[in-house]
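Student:
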Amino acid sequence: MARNSSNRLVVPEAQQAMDTMKYEIAREQNVNLKQGYNGDLTSKENGTVGGYMVKHMIEQYERNMSK
Numbered sequence: 018m019a020r021n022s023s024n025r026l027v028v029p030e031a032q033q034a035m036d037t038m039k040y041e042i043a044r045e046q047n048v049n050l051k052q053g054y055n056g057d058l059t060s061k062e063n064g065t066v067g068g069y070m071v072k073h074m075i076e077q078y079e080r081n082m083s084k
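One gets the working numbering by counting positions in the sequence shown from 1 and adding 17 to each.
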């Protein structure tokens, strides 16, 4: 999930799951995220999606740790 300095996933196999999560969260937050160019979105909208992605990944990690 982590990205290296060239902004690529460290685990490339996770790309599809990350994209799916990104679009699901955008839909839940009523952010009109589409494939391709999204320069029409505000920083707040983009930040909301990214923030919820991080929150979701932390929750998943904590659940896995508690097992």
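No residue lacks a Cβ here, since even glycine has one placed at the ideal position from N, Cα and C. The model shown is predicted, which means the values in this text are computed figures rather than measured ones.
For R80, report the span of its alpha helix (DSSP H) as first-last.
Tutor: First-last of the alpha helix (DSSP H) with R80: S60 to M82.
Student: What residue range is occupied by the uninterrupted alpha helix (DSSP H) comprising R44?
Tutor: Looking at the DSSP string, the run of the alpha helix (DSSP H) that includes R44 is Q32 to E45.
Student: Identify which residue in P29, R25, V66 and R80 has its Cα closest to the Cα of M38.
Tutor: For the residues P29, R25, V66 and R80, the minimum Cα distance to M38 belongs to V66.
Student: Considering only residues of the same chain and omitting the five flanking positions on each side of L58, which have a CB-CB separation below 8 Å?
Tutor: Excluding residues within five positions, the ones whose Cβ falls inside 8 Å are V48, N49 and L50.
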